[in-house]
Amino acid sequence: ARMWDLRALGVEFRQARWDVLAGTEGGVNAEGTAEAGADDWTLGPALVVPLPILDWGQAKRDLISARQLETAHKLTDARRQVVEEVRRSHAAYRAAVDARKRVRDELIPLLERRRSEAESQYRAGQSDIIPLILADQDLQTARAKLI
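Counting from 556, one number per residue, gives the positions in the sequence shown under the working numbering.
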């Protein structure tokens, strides 16, 4: 939307150059005089042109230039925000990928080993079933998070 603003302001700026001619009127003028029985009419072209002695439209051109500059700054700011958001999103994506890889490559094998050790201890009669159940629950939770 900012690009459209800049283009529109460019058109306004080009039109402001011709603002000197604002207020110019042209047409046909008819005047009549009624003096002691004389009925004279004159007809001809009429042109009304304001004489810009002190105002050449510079204030309007300056205002449009300021608007163009403001819109250009807003466009630059929007572009920078897009770049910043893309970088932030990419960093979050990389962090999620790295976390998934660590869970897959480190945590799940560790929990599988813990479960197998708890099962071996249970089968050997060295512990009750609770450590095996807890190890199995932790392994299932890690696998669910991996998905």
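Yeah, the Cβ is synthetic: ideal placement off N, Cα and C, and Gly gets one too. As the structure is a computational prediction, the values presented were derived from the model and not from experiment.
Endpoints, alpha helix (DSSP H) assigned at residue i
| i | result |
| --- | --- |
| Pro686 | Ile685 to Leu701 |
| Ser682 | Ser682 -> no alpha helix (DSSP H), and no H or E assigned at all. |
| Thr579 | Note, Thr579: premise wrong, no alpha helix (DSSP H); not H, not E. |
| Asp617 | Gln613 to Arg657 |
Buried or exposed by the 16-neighbour rule on C-beta atoms within 10 Å, applied to residue i
| i | result |
| --- | --- |
| Ala673 | buried |
| Ala690 | buried |
| Arg635 | exposed |
| Ile688 | exposed |
| Leu624 | exposed |
| Leu618 | exposed |
Inter-residue CB distance, residue i and residue j (contact presumed, cutoff 8 Å)
| i | j | result |
| --- | --- | --- |
| Glu586 | Thr597 | 5 Å |
| Leu701 | Arg655 | 7 Å |
| Ala699 | Ile663 | That belief does not hold up - the Cβ atoms of Ala699 and Ile663 are roughly 11 Å apart, past 8 Å. |
Euclidean distance between Cα positions of residue i and residue j
| i | j | result |
| --- | --- | --- |
| Pro600 | Leu606 | 19 Å |
| Gln692 | Glu661 | 17 Å |
| Ser675 | Val638 | 54 Å |
| Ala627 | Glu667 | 59 Å |
| Asp632 | Ser644 | 18 Å |
| Lys629 | Leu665 | 52 Å |
| Ile684 | Tyr677 | 6 Å |
| Gln681 | Arg670 | 14 Å |
| Arg659 | Arg622 | 55 Å |
| Val641 | Ala647 | 10 Å |
| Leu694 | Pro686 | 12 Å |
| Arg657 | Ser620 | 55 Å |
| Asn584 | Asp595 | 14 Å |
| Lys615 | Gly582 | 27 Å |
| Ala651 | Ala679 | 40 Å |
| Gln613 | Val604 | 18 Å |
Beta-bridge pairing of residue i - partner residues as DSSP gives them
| i | result |
| --- | --- |
| Thr597 | Glu586 |
| Val603 | Glu580 |
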